[in-house]
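Protein chains in written order, with the working numbering: chain A, 1 to 312; chain B, 313 to 560. Just so you know, even glycine gets a beta-carbon here, dropped at the ideal spot from N, CA and C. Given the structure is predicted, the values throughout are model-derived calculations rather than measurements. Structure record follows, encoded as structure tokens.
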């Protein structure tokens with residue numbers, strides 16, 4: 001018996017012959033937060049629907065804590081909390097009523113319902129909203145109710161589809177903190193297309209594009225790729241590229257407009273100091289030197305773009 | 313688990329004005345008919361001198377009220393059943409039920425039971441109202457029981473059909489109209505075959521099977537007709553929802 005909470009095995013979903021998701025396999029262990037990234041229409045939501053048993057996969061299977069979703073849907077679903085992209089809220093009910101129904105449907109025993117509702121409200125910061133109609137709550141609070149609904153039965157796996165969409169920055173921060181907190185004792189899968197969010201809350205990242213997984217690994221790998229070993233140097237009297245290359249450890253130099261220059265240096269070296277010295281000595285008019293970070297966006301574009309080129 | 317779904321349905325039925333308005337309007341209408349029935353009874357019976365012309369008060373008043381009730385539920389049930397699934401589809405709340413550890417069959421039966429329980433409030437109310445006649449007269453409780461069972465089976469069949477149409481569309485109004493047309497056709501099917509009562513199609517008519525209950529007769533053949541009718545449409549609804557999961 002392995003310790004995977006979620007196992008997706010070669011998931012494929014066809015929509016009228018077109019593959020919306022093809023051959024997606026991954027595993028998730030307890031206490032991990034997995035970020036699901038991808039452009040619009042890449043198949044993130046479809047994959048999540050298959051994981052939660054809302055959609056039958058055309059091929060492949062899903063196992064939640066070793067229980068097959070297709071063979072034993074009830075047992076598997078009991079271990080999942082799911083917040084779909086469109087919040088499934090009954091707006092004519094109050095927060096308490098709605099959460100009670102959610103607890104009841106998720107097999108929380110009668111005497112534990114009240115404490116479970118209280119705890120979910122507490123964790124999502126909803127305690128003072130108990131008697132309010134969901135309809136009258138703001139967007140952010142409705143989102144919290146959605147999240148509360150998905151964690152009320154203390155599931156092993158929480159699956160959140162774009163949990164921070166449409167929220168203000170403070171609410172986003174709160175919800176991210178909440179996701180981290182949930183992630184410490186449950187497994188969390190969340191989808192998003194906000195890249196910094198992934199960096200902040202996830203330990204694992206998957207990038208999906210056109211139904212295929214193009215990247216699957218720890219967030220650190222992605223970060224390393226992102227920071228790289230490059231320097232961005234701004235000078236008033238930029239020298240020729242050759243002059244820059246003559247500095248030890250500089251491997252590559254590239255001239256940019258406005259007297260800027262991008263310099264790649266050998267690994268495990270720090271040529272910044274010698275560059276500054278050389279620049280001062282030769283009067284290059286150095287005014288800026290900074291590590292050149294490829295943004296996560298660039299990495300993302302690279303990854304999804306490579307895939308396109310390969311396909312072409 | 314089924315009961316939890318039914319409770320949820322009842323809760324949302326009573327948390328909107330719709331449920332209360334329909335209940336109070338119908339009860340008002342039944343009360344009026346009951347009162348009229350009692351008045352008419354005295355008017356008619358005072359003219360009927362010979363014993364052969366006389367009918368019991370239970371049957372006379374009961375016929376007025378139950379006859380009206382079986383007609384009015386034709387309008388009430390589609391209005392109540394229309395939102396059962398179509399509204400959840402439109403508000404995209406179905407995943408809430410689908411991702412809970414309950415099977416599709418339990419969801420459908422739960423929703424069906426929720427509506428039937430709601431409607432049975434009306435039937436119990438009519439039964440109680442007619443029983444008050446017992447204060448002045450010696451009434452036939454068997455007649456009321458048979459009619460109540462008949463009414464219950466009939467509204468349950470209506471609900472099953474309404475649930476099915478509700479699962480086919482996103483628009484509650486469309487569901488209501490379709491349900492109404494289908495029910496109307498089924499109710500009056502036997503009128504079209506009035507000249508040929510032995511026709512097979514005529515025996516599909518809901519009215520025909522209600523008639524034996526209306527005259528105070530509990531016929532197992534009719535019970536089975538209603539049970540099969542309900543089972544058919546509930547099965548179709550489950551299949552319709554399953555198609556969602558498979559086709560997406």
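Taking the alpha-carbon positions, what's the residue i to residue j distance?
| i | j | result |
| --- | --- | --- |
| residue 455 of chain B | residue 162 of chain A | 59 Å |
| residue 288 of chain B | residue 327 of chain B | Because chain B spans 313 through 560 in this model, residue 288 of chain B falls outside it and cannot be assessed. |
| residue 249 of chain A | residue 263 of chain A | 10 Å |
| residue 265 of chain A | residue 233 of chain A | 13 Å |
| residue 438 of chain B | residue 135 of chain A | 36 Å |
| residue 312 of chain A | residue 61 of chain A | Note that residue 312 of chain A scores 47 on pLDDT, short of 50, meaning its location in the model is unreliable; the coordinates nonetheless yield the value given after this. The alpha-carbon atoms of residue 312 of chain A and residue 61 of chain A are separated by roughly 30 Å. |
| residue 517 of chain B | residue 433 of chain B | 25 Å |
| residue 268 of chain A | residue 151 of chain A | 45 Å |
| residue 555 of chain B | residue 480 of chain B | 11 Å |
| residue 453 of chain B | residue 430 of chain B | 23 Å |
| residue 129 of chain A | residue 323 of chain B | 19 Å |
| residue 291 of chain A | residue 144 of chain A | 39 Å |
| residue 179 of chain A | residue 539 of chain B | 49 Å |
| residue 41 of chain A | residue 259 of chain A | 41 Å |
| residue 457 of chain B | residue 533 of chain B | 17 Å |
| residue 376 of chain B | residue 526 of chain B | 11 Å |
| residue 467 of chain B | residue 84 of chain A | 35 Å |
| residue 113 of chain A | residue 318 of chain B | 18 Å |
| residue 531 of chain B | residue 380 of chain B | 22 Å |
| residue 79 of chain A | residue 541 of chain B | 36 Å |
| residue 499 of chain B | residue 50 of chain A | 43 Å |
| residue 157 of chain A | residue 64 of chain A | 8 Å |
| residue 254 of chain A | residue 270 of chain A | 18 Å |
| residue 487 of chain B | residue 393 of chain B | 8 Å |
| residue 230 of chain A | residue 197 of chain A | 24 Å |
| residue 21 of chain A | residue 469 of chain B | 41 Å |
| residue 363 of chain B | residue 357 of chain B | 10 Å |
Output needed for residue i: all residues of its chain with C-beta closer than 8 Å, excluding positions within five of it in sequence on either side, in chain order.
| i | result |
| --- | --- |
| residue 494 of chain B | 473, 477 |
| residue 353 of chain B | 369, 372, 373 |
Where DSSP assigns a beta bridge to residue i, which residues make up the other side?
| i | result |
| --- | --- |
| residue 191 of chain A | A:36, A:161 |
| residue 94 of chain A | A:133 |
| residue 552 of chain B | None, per the DSSP bridge assignment. |
| residue 547 of chain B | None, per the DSSP bridge assignment. |
| residue 75 of chain A | Answer by DSSP bridge pairing: none, since residue 75 of chain A is not bridged. |
| residue 235 of chain A | A:286 |
| residue 68 of chain A | A:63 |
| residue 83 of chain A | A:160 |
| residue 261 of chain A | A:233, A:255 |
| residue 26 of chain A | A:8 |
| residue 484 of chain B | The partner list for residue 484 of chain B (beta bridge, DSSP) is empty, contrary to what the question assumes. |
| residue 21 of chain A | A:13 |
| residue 291 of chain A | A:231 |
| residue 250 of chain A | A:265 |
Hey, could you find the ends of the alpha helix (DSSP H) residue i is sitting in?
| i | result |
| --- | --- |
| residue 170 of chain A | 169 to 185 |
| residue 371 of chain B | 369 to 393 |
| residue 144 of chain A | 139 to 151 |
| residue 335 of chain B | 329 to 359 |
| residue 471 of chain B | 453 to 480 |
| residue 51 of chain A | 44 to 51 |
| residue 416 of chain B | 416 to 443 |
| residue 326 of chain B | 314 to 326 |
| residue 241 of chain A | 241 to 245 |
| residue 410 of chain B | 406 to 410 |
Between which two residues does the beta strand (DSSP E) holding residue i run?
| i | result |
| --- | --- |
| residue 7 of chain A | 4 to 15 |
| residue 117 of chain A | Residue 117 of chain A -> not in any beta strand (DSSP E); alpha helix (DSSP H) instead, spanning 113 to 123. |
| residue 522 of chain B | Unbroken run through residue 522 of chain B is the alpha helix (DSSP H), 518 to 526; no beta strand (DSSP E). |
| residue 213 of chain A | 212 to 218 |
| residue 209 of chain A | 204 to 209 |
| residue 362 of chain B | From DSSP, residue 362 of chain B is part of no beta strand (DSSP E); its letter is neither H nor E. |
Quick one: what's got a C-beta closer than 6 Å to residue i's C-beta in the same chain, skipping five residues either side?
| i | result |
| --- | --- |
| residue 451 of chain B | 370, 445 |
| residue 283 of chain A | none |
| residue 96 of chain A | 130 |
| residue 172 of chain A | 164 |
| residue 81 of chain A | 150, 151, 155, 158 |
| residue 399 of chain B | 484 |
So, for residue i: in the same chain, excluding its five sequence neighbours on each side, which residues have a beta-carbon less than 7 Å away from its beta-carbon?
| i | result |
| --- | --- |
| residue 44 of chain A | 36, 38, 191, 208 |
| residue 1 of chain A | Reliability of the predicted coordinates at residue 1 of chain A is poor, the pLDDT of 49 falling under 50, and the value obtained from them is presented with this limitation in mind. 66, listed in sequence order. |
| residue 4 of chain A | 27, 28, 29 |
Are three or more beta carbon pairs between the region 421 to 429 of chain B and the region 84 to 91 of chain A nearer than 8 Å?
The region 421 to 429 of chain B, when compared against the region 84 to 91 of chain A, does not touch it at the 8 Å Cβ threshold.
Inter-stretch contact at 8 Å, needing at least 3 Cβ pairs: the region 441 to 454 of chain B / the region 169 to 188 of chain A:
These segments do not touch.
Quick one: any contact between the region 68 to 86 of chain A and the region 23 to 30 of chain A, if contact means 3 or more CB pairs under 8 Å?
Verdict: no, contact absent.
Inspect the CB distances between the region 164 to 172 of chain A and the region 4 to 21 of chain A and report whether three or more fall short of 8 Å.
Using a Cβ-Cβ distance cut-off of 8 Å, the region 164 to 172 of chain A and the region 4 to 21 of chain A are not in contact, since fewer than three pairs of beta carbons, one from each stretch, lie closer than that value.
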